[in-house]
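Below is one structure, written out as structure tokens, with a few remarks after it.
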Amino acid sequence: MSVATEAAQIRDLFDTIEELEAVASSLSEDDERRARLDGVVAKTLRQAPPVRPVVAGELLDLTEKTVKAWAREGVLAIHSQEPRMLLDTVRLHEVLHLVSDLRRAGKTRGLIDEVHRRLSDQSLLDRQDLATSLDEMRSGRGRVVRPA
Numbered sequence: 002m003s004v005a006t007e008a009a010q011i012r013d014l015f016d017t018i019e020e021l022e023a024v025a026s027s028l029s030e031d032d033e034r035r036a037r038l039d040g041v042v043a044k045t046l047r048q049a050p051p052v053r054p055v056v057a058g059e060l061l062d063l064t065e066k067t068v069k070a071w072a073r074e075g076v077l078a079i080h081s082q083e084p085r086m087l088l089d090t091v092r093l094h095e096v097l098h099l100v101s102d103l104r105r106a107g108k109t110r111g112l113i114d115e116v117h118r119r120l121s122d123q124s125l126l127d128r129q130d131l132a133t134s135l136d137e138m139r140s141g142r143g144r145v146v147r148p149a
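The working numbering puts the first residue of the sequence shown at 2, with every later residue one more than the last.
Okay, structure coming up:
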């Protein structure tokens, strides 16, 4: 399959995912339909085939060399290395969102550092223990801990 065809297929999949995400975000957070749509999005992305670096480069508007460097740095997740490198579609979708947001904000240099920072921040925000601590702090139930 050609790079252009494969990129078009992944782009179509991501467009469908974007539509589902838009509908889900229009619903309140406690609406069970939102959770169901989020589940459909996650399942669809997990079932998508892994992506070649050259195709990821097309989608991200980066060179294949840059995409491979991002994969080696851990910004893009490697699905498999042999017989050729293939990238995880879930992470690619996440990185595509971040890169698009950064470019819309006028950021064109140092993208890898900024994307890496944002992924790290998001992984912290996704931790349940941190969410619980922040909720306690906001409601005044937390306790102040100072070093000795």
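Where a beta carbon is used, it is the ideal one built from N, C-alpha and C, also for glycine.
Because the structure is a prediction, the values reported are computed rather than measured.
Best match in the options for proximity to residue i [C-alpha to C-alpha]
i, options, result
"residue 60", "22, 139, 95 and 133", "95"
"residue 114", "62, 48 and 75", "75"
"residue 90", "83, 130 and 98", "98"
"residue 55", "130, 118, 125 and 6", "6"
"residue 8", "34, 62 and 35", "62"
For residue j and residue i, the rounded distance between their alpha carbons
i, j, result
"residue 132", "residue 42", "23 Å"
"residue 135", "residue 127", "12 Å"
"residue 49", "residue 144", "45 Å"
"residue 10", "residue 109", "26 Å"
"residue 77", "residue 149", "41 Å"
"residue 20", "residue 147", "47 Å"
"residue 25", "residue 85", "36 Å"
"residue 120", "residue 73", "15 Å"
"residue 116", "residue 100", "7 Å"
"residue 37", "residue 16", "19 Å"
"residue 40", "residue 22", "10 Å"
"residue 35", "residue 103", "26 Å"
"residue 1", "residue 122", "Only positions 2 to 149 of the chain appear in the structure, and residue 1 is not among them; the question remains open."
"residue 47", "residue 125", "22 Å"
"residue 118", "residue 32", "31 Å"
"residue 138", "residue 107", "34 Å"
"residue 83", "residue 105", "35 Å"
"residue 14", "residue 129", "30 Å"
Delimiting residues of the beta strand (DSSP E) encompassing residue i
i, result
"residue 81", "79-81"
Beta-carbon proximity check, residue i vs residue j, cutoff 8 Å
i, j, result
"residue 87", "residue 53", "yes"
"residue 70", "residue 93", "no"
"residue 3", "residue 51", "no"
"residue 45", "residue 18", "yes"
Chain C within 8 Å of residue i, Cβ atoms only
i, result
"residue 124", "Checking the listed chains, one finds no chain C in this structure; it contains a single protein chain."
Residue i: first and last residue of the uninterrupted alpha helix (DSSP H) it sits in
i, result
"residue 132", "129-140"
"residue 89", "From DSSP, residue 89 is part of no alpha helix (DSSP H); its letter is neither H nor E."
"residue 118", "112-126"
**Sequence ranges, alpha helix (DSSP H) only - wholly within the segment 23-69, length at least 4** = Every unbroken stretch of the alpha helix (DSSP H) spanning 4 or more residues and falling wholly within the segment 23-69 is given here in chain order: 33-48 and 54-61.
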